[in-house]
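Asker:
There are 4 protein chains.
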Amino acid sequence: MIVVMQQGASEEQVRRVAERLERAGFGIHISRGVERTLIGAVGDKRLTATLAVEAMEGVDRVVPILQPFKQVSREFKPEPSVVRVRGVPVGGEEVVVIAGPCSVESREQILATARAVKAAGARLLRGGAFKPRTSPYSFQGLELEGLKLLAEAREETGLPVVTEVTDPRLVDVVARHADVLQIGARNMQNYQLLREVGQASRPVLLKRGMASTVEEWLMAAEYIVAAGNRQLILCERGIRTFEPATRFTLDLGAVAVARHLSHLPILVDPSHAAGKWRWVGALARAGLAVGADGLIVEVHPRPEEALSDGPQSLNLERFGQLMAELSALARAMGRTLGPAAEAPGAGAGAAVAQGGSLGRPAASAG
Amino acid sequence: MIVVMQQGASEEQVRRVAERLERAGFGIHISRGVERTLIGAVGDKRLTATLAVEAMEGVDRVVPILQPFKQVSREFKPEPSVVRVRGVPVGGEEVVVIAGPCSVESREQILATARAVKAAGARLLRGGAFKPRTSPYSFQGLELEGLKLLAEAREETGLPVVTEVTDPRLVDVVARHADVLQIGARNMQNYQLLREVGQASRPVLLKRGMASTVEEWLMAAEYIVAAGNRQLILCERGIRTFEPATRFTLDLGAVAVARHLSHLPILVDPSHAAGKWRWVGALARAGLAVGADGLIVEVHPRPEEALSDGPQSLNLERFGQLMAELSALARAMGRTLGPAAEAPGAGAGAAVAQGGSLGRPAASAG
Amino acid sequence: MIVVMQQGASEEQVRRVAERLERAGFGIHISRGVERTLIGAVGDKRLTATLAVEAMEGVDRVVPILQPFKQVSREFKPEPSVVRVRGVPVGGEEVVVIAGPCSVESREQILATARAVKAAGARLLRGGAFKPRTSPYSFQGLELEGLKLLAEAREETGLPVVTEVTDPRLVDVVARHADVLQIGARNMQNYQLLREVGQASRPVLLKRGMASTVEEWLMAAEYIVAAGNRQLILCERGIRTFEPATRFTLDLGAVAVARHLSHLPILVDPSHAAGKWRWVGALARAGLAVGADGLIVEVHPRPEEALSDGPQSLNLERFGQLMAELSALARAMGRTLGPAAEAPGAGAGAAVAQGGSLGRPAASAG
Amino acid sequence: MIVVMQQGASEEQVRRVAERLERAGFGIHISRGVERTLIGAVGDKRLTATLAVEAMEGVDRVVPILQPFKQVSREFKPEPSVVRVRGVPVGGEEVVVIAGPCSVESREQILATARAVKAAGARLLRGGAFKPRTSPYSFQGLELEGLKLLAEAREETGLPVVTEVTDPRLVDVVARHADVLQIGARNMQNYQLLREVGQASRPVLLKRGMASTVEEWLMAAEYIVAAGNRQLILCERGIRTFEPATRFTLDLGAVAVARHLSHLPILVDPSHAAGKWRWVGALARAGLAVGADGLIVEVHPRPEEALSDGPQSLNLERFGQLMAELSALARAMGRTLGPAAEAPGAGAGAAVAQGGSLGRPAASAG
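Chains as they are written, first to last, in my numbering: chain E, 1 to 366; chain F, 1 to 366; chain G, 1 to 366; chain V, 1 to 366.
1. I'd like to know whether the C-beta atoms of Q257 (chain E) and G291 (chain E) end up nearer to each other than 8 Å.
2. By the 10 Å Cβ neighbour count, where 16 or more other Cβ atoms means buried, how is A348 (chain E) classified, buried or exposed?
3. Please confirm if the region 264-274 of chain F is in contact with the region 230-239 of chain F, defined as three or more CB-CB distances below 8 Å between the two stretches.
4. Please identify, using Cβ separations under 8 Å, the residues of the region 241-270 of chain E that lie next to chain V, in order along the chain.
5. Consult DSSP for P89 (chain E) and reduce its assignment to one of helix, strand or coil.
6. Pick from F:S135, F:F248, F:Y223: whose alpha carbon is nearest that of R195 (chain E)?
7. Can you tell me which of the three DSSP states V4 (chain G) falls into?
8. Enumerate, from N- to C-terminal direction, the unbroken beta strand (DSSP E) stretches of 3 or more residues contained entirely within the region 289-332 of chain E.
9. Would V17 (chain E) and V59 (chain E) be called neighbours here (beta carbons separated by less than 8 Å)?
10. Going along chain F in order, which residues have a C-beta closer than 8 Å to the C-beta of L226 (chain E)?
11. Nearest chain V C-beta to R237 (chain F) closer than 8 Å, yes or no?
12. Suppose contacts are defined by Cβ-Cβ distances below 8 Å. Is K148 (chain V) in contact with I183 (chain V) by that definition?
13. So V95 (chain G) and V88 (chain G) are in contact, right, with Cβ under 8 Å, and what is the actual spacing, rounded?
14. Along chain V, in chain order, which residues have C-beta atoms closer than 9 Å to that of P301 (chain G)?
15. Applying a beta-carbon distance threshold of less than 9 Å, which residues of chain F neighbour G338 (chain V)?
16. Looking only at DSSP bridge pairs, what is G100 (chain G) linked to?
17. Considering H272 (chain G), what are the terminal residues of the alpha helix (DSSP H) in which it resides?
18. Give me, in chain order, the residues of the same chain whose beta-carbon lies closer than 7 Å to that of V42 (chain E); leave out the 5 immediate sequence neighbours on both sides.
19. Taking C-beta pairs closer than 9 Å, name the residues in chain E that S313 (chain F) reaches, listed in chain order.
20. Under 8 Å Cβ-Cβ, which residues of chain F neighbour L283 (chain V)?
21. Say whether chain E places a C-beta atom closer than 8 Å to the C-beta of V214 (chain G).
22. Please list the terminal residues of the continuous beta strand (DSSP E) segment that includes I239 (chain F).
23. Report the three-state DSSP secondary structure of D179 (chain F) (helix, strand or coil).
24. Tell me where the beta strand (DSSP E) around V59 (chain G) begins and ends.
25. For W217 (chain G), return the contacting residues in chain E, with the cut-off set at a CB-CB distance below 8 Å.
26. For G228 (chain E), does the three-state DSSP call read helix, strand or coil?
27. Strictly below 7 Å CB to CB, what residues from chain G border M210 (chain V)?
28. CB-CB under 7 Å to L283 (chain G), same chain, minus the five flanking residues each way: which ones, in chain order?
29. Can you list, in chain order, the residues of its chain whose CB lies under 8 Å from that of P132 (chain V), leaving out five sequence neighbours each side?
30. So is L142 (chain E) in contact with chain G if we call contact Cβ pairs under 8 Å?
31. Give the interface partners of N229 (chain F) over in chain E, defined as CB-CB distance under 7 Å, in chain order.
32. Please determine, among F:M56, F:I39, F:Q231, F:L307, the residue with the shortest C-alpha to C-alpha distance to E54 (chain E).
33. Run through DSSP, which three-state label would A122 (chain G) get?
34. According to DSSP, is L206 (chain F) part of a helix, a strand, or is it coil?
35. Within the 8 Å Cβ cut-off, does A306 (chain G) reach chain V?
36. Starting from the beta carbon of R169 (chain F), find every residue of chain E whose beta carbon is closer than 7 Å, and list them in chain order.
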C-alpha cells in the first residue's frame with residue numbers, strides 16, 4: 001500500500017507512520033515529492049486491513065495496491081476452474097443453462113417444469129424452497145416440502161438441483177436434498193452463512209449483492225474458499241442503480257472484470273435483472289456473448305399464476321425459443337449449449353473459435 | 001392498485017385480468033381512456049404481492065397505490081413511538097447519543113471509552129462483539145468475551161449497551177448480555193434474523209441497508225413487528241452511490257421521509273457514512289438538524305490503533321467537542337441532549353420551540 | 001394520470017383538485033377506496049407537466065400513466081426507423097460498426113485509422129475535433145482543423161464521418177464537414193444544443209446521459225424530433241454506478257427497453273463503458289447480442305500515445321480480431337456485419353433467423 | 001502518480017514505461033515488490049491527464065496521488081474565499097439565503113415573492129428566465145422578459161438577482177440583467193458555457209451535476225477560474241441514486257468534503273433534492289448544520305399554480321417559518337442569518353462559537 005501524507009505533514013508524523021508500518025512487519029520506502037510525502041509499504045496484504053494508519057495524524061489517505069482476495073484470484077491460480085455438479089461441468093467449454101421456477105409451488109408445477117426445461121436443453125433445475133421475500137405477508141416457500149419435491153424432480157429427470165439457503169441452521173438439511181447451495185444477493189455478505197456453506201460438501205453458487213463491488217463479491221467468495229469449499233460458482237444478477245425501467249441493472253462489465261481477476265466460473269441471471277419476461281431473452285443472449293459460463297433463468301408453466309416472480313418468468317414455449325437462439329450464439333462463440341451430443345459445434349462459430357473459444361477463461365488472458 | 005393495460009389490449013385480455021382480480025377478492029373499476037384501459041383494484045393490500053397480474057397477456061404494468069407496510073406506518077399509529085432502553089427514552093424530546101468503539105478490543109479499551117462517553121453526555125454505549133468484516137482475514141471480534149466486557153462496562157457506568165447480532169443462532173446469547181440488538185446494514189434483509197429478533201424481548205436497532213429504499217427499510221421493520229417485537233428503532237447510515245469521497249452517502253432525505261411515513265424513532269449514524277473522522281462532526285450536526293431522535297457515533301481512545309474502523313472513529317477529545325456543539329444545536333431546535341438535568345432548554349431555541357420542537361414526530365405532520 | 005389523495009383528505013380538497021383538472025381540460029373520474037380517494041384524469045399528456053397538482057392541499061402524489069414522449073414512441077410509429085448516412089442504413093438488418101480515435105490528432109493518425117477500420121469492416125469513421133474534457137488543462141481537440149482532417153479521411157476512404165458537437169454556435173460548421181452530429185453524454189440535456197441539431201440537416205447520434213433514465217433519454221430525443229429532425233440514432237454508453245472496476249456500467253437492459261418503447265435505431269458504445277481496452281471486446285459482443293443496431297468503438301494506431309482515451313482504445317490488430325468475432329455473432333443472430341456483399345448470411349444463424357432476426361426492431365414486438 | 005505494473009510484467013515493459021514518463025518530464029522511482037513493481041512519478045500534475053500510460057503493455061493501472069484541480073484548492077489558497085454580490089458577502093460569517101420562484105411567471109408573481117422573501121430575511125432573489133425542461137412541451141420560461149422582470153424586482157427591493165444561463169450565446173444578455181450567473185446541474189460539464197461565464201464580470205453559482213463526483217465538480221470550477229473568473233460559489237443540490245422517495249439524494253457529505261478541499265463558498269439547495277415542499281425545511285436545516293454558507297430555496301406565492309416545480313416550492317408562510325428556524329440554528333452555530341443588524345449573535349451559539357463558528361471554512365481545518 002501507499003500512504004499519502006497531507007501537504008505540510010511534519011517529519012515527526014512521517015516518522016511515526018513509518019515506525020508503525022515497520023513494527024507491523026512491512027518493508028517501507030519513503031518518497032518526498034514537492035507537494036507530498038509518500039510512504040510505500042510492502043508486506044502481507046492480509047495485514048493491511050487491520051492497520052488504522054488512515055487514522056494517524058498527518059495522513060491524508062491510504063492507497064491499496066494489491067487485491068485483498070487471494071485464493072480466488074488468477075494470480076493464485078491462473079487456469080480456469082471447472083466445478084462439476086453430478087457430472088455436469090460448469091466453467092468448461094459447454095455453456096450451462098439452469099432453469100426452473102422462482103419458487104417450488106406444487107408437485108405438478110415442479111415436475112412439469114423440470115421435464116420441459118430438460119427437453120429444451122437445460123442442464124440443472126432451479127427452484128426455491130426457502131424464499132426471502134420483501135414482505136412478511138408474501139408466500140415464503142414450501143420449505144422442507146419444497147426440498148423433497150426438488151429431489152423428486154431430480155430423481156425423475158436426472159437434472160441436478162440448485163436451491164437457495166438463507167439460514168446457517170438450514171445448510172445441512174438443504175445440502176442433504178440439493179446439489180448446489182445458492183447464496184442469494186441479499187445474503188452475499190451474510191458471513192455466518194458463508195462460513196457454513198464453506199464447510200459443506202456441496203458446490204456453492206454465490207450471487208453478487210445488489211450493491212456490492214466486484215472486489216467485495218470476490219472477498220465474499222474468498223470467505224467460502226477460506227472455510228474449505230473450493231467448489232464455487234459466481235453469478236451476476238444485476239445491481240441497483242437509478243434506472244427504474246428494469247428491476248436491476250445487469251452489469252456485464254463486472255462479468256468481464258471478474259473473469260479477468262478470478263479463475264472461478266461465472267453465470268449470469270437475466271431474469272432478476274430484467275424483472276419482466278419481455279427483456280429476459282435479450283439479456284440472456286448478452287450474458288452468453290460477454291463470456292459467461294452459463295445462465296440461470298426463471299421458467300414457470302403459467303407465469304401469471306406464479307406465487308413469486310411471475311412477471312419475470314418465461315413460460316415453457318418462450319424458454320424453448322430462447323434455448324434455440326442461445327444454441328446458435330454459443331456455436332458462433334466456439335462453445336456448446338446443452339449435452340455435448342446435441343451440439344456438433346459446426347457452422348459459423350468454427351472459424352472464430354480458432355485458438356480458443358470466446359469469453360472462456362484462459363490462463364493467458366491479457 | 002392500478003393495472004395499466006397495453007395500448008391495443010383486447011377486450012378479452014381486460015376481462016381476464018378483471019376476473020382474476022375479482023376472484024382474489026378485489027373490488028374493481030375499469031376505466032377506458034383514448035390510449036389505455038386502466039383497471040383499478042381495491043382490497044387488502046397484502047394480497048397484492050401474491051398476484052402475478054403483470055405476467056398476464058395484455059398487461060403493461062401494475063401501479064401500487066397503497067404502501068405495502070402496515071403496523072410501522074403512521075396511518076396505523078399516528079402518534080410517535082418512544083422506545084425505552086433501561087429507562088432511556090428513544091424517540092422523545094431528548095436527543096439520544098449512542099457512542100463507543102466499532103469493536104470491543106479489550107477490557108481497558110471498552111471501560112475507558114464507556115467512562116469518557118458517559119462523561120461527555122452519551123446515554124448508551126455501543127461496541128461490536130461479533131463483527132461482520134469484508135475480509136475473512138480481518139479481526140472478527142472478541143465474540144462472547146466481548147459481550148461480557150460490554151455487560152461489565154454497563155455495570156460500572158450504568159450505560160445500557162447496544163451491540164450487533166449477525167446470526168439467528170446467537171440472538172439468545174446476545175440478548176442475555178446486551179440491551180439493544182443491532183441489525184447491521186448488510187443484514188437488513190436477512191429475514192431469518194429479522195424473525196428471530198422479532199421474537200426477542202429486547203429493543204432492536206435496525207440499520208438501513210446500503211442499497212435499500214425507504215420502503216424496503218420499512219418492510220424489514222414490518223417483519224420484526226409482525227413477529228411480535230414493537231420495540232424498534234430505525235437508523236440511517238448511508239447508502240451506496242457513485243461518490244467515492246465519503247465511504248457512503250448519508251441520505252438525510254430518507255430520514256425526513258421515514259419520519260413522515262412511520263411512527264418509529266429514527267437515529268443517524270454519521271461515522272459509517274463519513275468513513276473519516278474529519279467529516280463525522282459535520283454529518284452528526286446535519287443528522288440532528290434534519291430531525292433525528294439521536295445519533296450513533298464511533299469513538300475510540302486511540303483510533304490509530306483500532307482493530308476496525310479506526311479512520312472514522314473520533315478520539316475522546318473530539319467526541320467531547322462534538323457533544324458541546326450538538327447540545328447547542330439541540331437547544332436551538334427545542335430539544336435536549338443528554339440527561340434532562342443537564343439541559344435546561346433555555347436560550348435561542350426557546351423561541352423557536354413554540355408549538356413543538358423541530359423535527360420531532362408529531363401526529364399532525366403535514 | 002392518477003392523483004392519489006392523502007388518507008383523510010377532505011371532500012373539499014378532493015373537489016378542488018377535481019375542478020382544477022377539469023378546468024385544464026381533463027376528463028376525470030373519482031374513486032373512493034377504504035383508505036384512499038383516487039382521481040383519474042384523462043386528457044392530453046403534454047398538459048400534465050404544467051400542472052402542479054402535487055402541490056395542492058390533500059394530495060399525496062401523482063402517478064403518471066402515459067409516457068411523456070410521443071413522436072419517438074412505438075405507439076406513434078410501430079415500425080422501426082432506418083436512418084441512412086450517405087447510403088449506409090442504420091437500423092436495418094445490417095449491424096453497423098463505427099470506429100475511430102477518440103480525438104483527431106494528426107493527418108497521419110486519422111488517415112491510417114480510417115484505412116484500417118474500413119479494411120476491417122467498419123462502415124463509418126468516428127473522431128473528435130471539439131473535445132469536452134474533465135480538466136481545463138487537457139488537450140481540447142484540433143477543432144476546425146480536426147473537422148477538415150475528418151473530411152479528408154472521408155474523401156479518401158468513402159467512410160461517412162461522425163463527430164461530436166458541443167456548442168450550439170458550432171452546429172453549422174460541424175454540419176458542413178461531418179455526416180453525423182454526435183451529442184455526447186454530458187450534453188444529453190443541453191436543450192439549446194438539442195434544438196440546434198434538431199434544425200440541422202444531418203442525422204444526429206444522441207448518447208444517453210450517464211445519469212439519465214431511459215425515459216429522459218427518449219425525452220431528449222423528442223426535443224430533437226420536435227424541432228424537426230427525424231434522422232435520429234440513440235446510443236447507450238454506460239451509466240454511473242457505485243462500481244469502480246469499469247469506467248461506467250454498460251446498461252444493456254436499457255437497450256432492450258428503449259427498443260421496446262421507441263422505433264429509433266440504437267447503438268452501443270462499449271469503449272467508454274469499459275474504460276480499458278481489455279473489456280471492450282466482451283462488451284461489444286454483448287451489445288450486439290442484446291440486439292443493438294451497431295457499435296461505436298474507439299480505435300487508435302498507438303493507444304499508448306493517444307492524447308485522450310488511450311487506455312480504452314483498441315489498436316488496429318485487436319480491432320480486426322473483434323470484427324471477426326462480431327461477424328460470426330451477427331450471422332448467428334440472422335443479421336450481417338459490414339457491407340452486404342461480404343456477409344452472405346449463411347451458416348448457423350440461418351436457422352435462428354426464421355421469422356425475423358434477433359433483436360431487430362419489429363412492429364409486433366411483444 | 002503511481003504506475004502499478006501487472007504481475008509478471010517484464011523488465012522491458014517496466015523500462016519503457018519509465019522512459020516514457022521521464023521523457024514527459026517526470027522524476028521517477030521504481031519499487032520492486034514481491035508481487036508487483038511500482039513506478040512512482042513526480043512532476044506537474046497537469047501533465048498526467050495527457051499521458052496514456054495505462055494503455056502501455058504490462059501496466060495494470062495508474063493511481064493518481066495529487067488532486068487534479070489547482071486554483072480552487074485549499075492547498076493553493078488556504079483561507080476561505082468570500083464572494084461579494086452587490087455588497088452581500090457569501091462565504092463569511094453570515095449564512096445567506098437565496099429565495100424565489102423556480103420560474104419568473106409574471107410581474108405580480110415575482111414582485112410579490114421578492115417583497116415577501118426580503119421581509120423574511122432572504123438576501124438574494126432567485127428566478128428562472130431561461131428554463132431547461134425535461135419535456136419540449138413544458139413551459140420554457142419568459143426568457144428576455146423574465147430577465148427584465150427580475151431586474152425590476154431588484155430595483156424595488158434591493159435584492160440582488162440570481163438566474164440561470166443555459167447557452168453560451170446568452171451569457172452577455174443575462175449578465176447585463178442579473179447579478180449572479182447560475183450554472184445548473186445539467187450544464188456542470190457544458191465546458192463551452194463554463195468558459196463563457198469564466199470570462200464574464202459577474203459572480204457564478206455552479207451547481208453540482210447530478211452524477212458528478214466532488215472531484216469533477218471542483219474540476220468544473222477550475223474551468224471557470226482558469227478562464228479568469230474567481231467570483232465563484234458552489235452549490236450542492238442532490239445526486240441521482242436508487243432511492244425514489246425524494247427527487248434527488250442530498251449529499252451533505254460532499255459539502256463537508258468540498259469545504260475541506262476548496263476555499264470556495266458552498267451553498268445547499270434543499271428544494272430540488274427534496275422534490276416536495278414537505279421535506280424542504282428538514283433538508284434546509286441539515287444543510288445549514290453541515291456548515292454550508294447559505295441556502296437557495298424555491299418559494300412561490302401559490303405553489304399549486306406554479307408553471308414549474310410547484311410541488312417543491314414553499315409558500316410564503318412556510319418560508320417565513322423556515323427562516324425563523326434557520327435563524328435560531330445559525331445562532332447556535334455562531335453564525336448569523338440575514339442582515340447583520342437583525343442578528344445580534346447572542347444566545348446559545350455564543351458559547352459554542354469560541355474559537356470559530358461551526359462549519360465555516362478555516363485555514364487550519366484538519
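Positions of the beta carbon are idealized from the N, C-alpha and C atoms, including for glycine.
For clarity, every value in this text was computed on a predicted model and none was experimentally measured.
Answerer: Let me spell this out:
1. The sequence shown places Val at residue 257 (chain E), not Gln. Their beta carbons are not under 8 Å apart, which means V257 (chain E) does not touch G291 (chain E) by this criterion.
2. Low local confidence applies: a pLDDT of 37 at A348 (chain E) is under 50, so the model's placement there is unreliable, with the coordinate-based value given in what follows. With 16 or more neighbouring CB atoms inside 10 Å of its own CB, A348 (chain E) falls in the buried class.
3. Under the 8 Å Cβ criterion, the region 264-274 of chain F counts as touching the region 230-239 of chain F, having at least three qualifying pairs.
4. For the region 241-270 of chain E, the beta-carbon criterion of a distance under 8 Å to any beta-carbon of chain V is satisfied by T241, F242, P244.
5. P89 (chain E): strand per DSSP, three-state reduction.
6. Cα-wise, what sits closest to R195 (chain E) is F:S135.
7. In the displayed model, V4 (chain G) falls within a strand according to three-state DSSP.
8. Runs found: 294-298.
9. Cβ atoms of V17 (chain E) and V59 (chain E): closer than 8 Å.
10. In the sequence under discussion, the amino acid at residue 226 (chain E) is Ala, which differs from the Leu named in the question. P136, Y137, listed in chain order.
11. Not one chain V Cβ lies under 8 Å of R237 (chain F).
12. Taking 8 Å as the Cβ cut-off, K148 (chain V) and I183 (chain V) do not qualify as a contacting pair.
13. About 12 Å; that fails the 8 Å criterion.
14. Here the premise fails: no neighbours, minimum Cβ distance about 12 Å.
15. At a C-beta separation below 9 Å, G338 (chain V) has no neighbours in chain F, since its nearest C-beta there lies roughly 14 Å away.
16. Note: G100 (chain G) sits in a beta bridge opposite G:E298.
17. Taken as a continuous stretch (DSSP letters only), the alpha helix (DSSP H) holding H272 (chain G) covers 270-274.
18. F26, G27.
19. Simply A52, A55.
20. Residues of chain F passing the Cβ test: L252, G253, A256, V290.
21. Interface with chain E (8 Å Cβ-Cβ cutoff): V214 (chain G) is included.
22. No beta strand (DSSP E) holds I239 (chain F); DSSP gives it neither H nor E.
23. In this structure, D179 (chain F) counts as coil in the three-state DSSP scheme.
24. 59-63 is the span of the beta strand (DSSP E), which, as asked, contains V59 (chain G).
25. Residues of chain E passing the Cβ test: none, with the nearest at roughly 10 Å.
26. When secondary structure is reduced to three states using DSSP, G228 (chain E) falls in the coil class, being assigned neither helix nor strand.
27. Result: A211.
28. Short of 7 Å from the beta carbon of L283 (chain G), and not among the five residues preceding or following it, lie these beta carbons of its own chain, in chain order: L250, P270, A273, A274.
29. For P132 (chain V), where only same-chain residues beyond five positions count, the Cβ hits under 8 Å are E164, T166, G184, R186, N187.
30. No - not a single Cβ of chain G is within 8 Å of the one on L142 (chain E).
31. Simply none; closest approach about 12 Å.
32. The residue with the shortest Cα to Cα distance from E54 (chain E) is F:L307.
33. Assignment of A122 (chain G) by DSSP, reduced to helix, strand and coil, places it in the coil class.
34. Under the three-state reduction of DSSP output, L206 (chain F) falls in the strand class.
35. With 8 Å as the cut-off, A306 (chain G) counts as an interface residue toward chain V.
36. Within chain E, the C-beta atoms nearer than 7 Å to that of R169 (chain F) come from P168, R169, in chain order.
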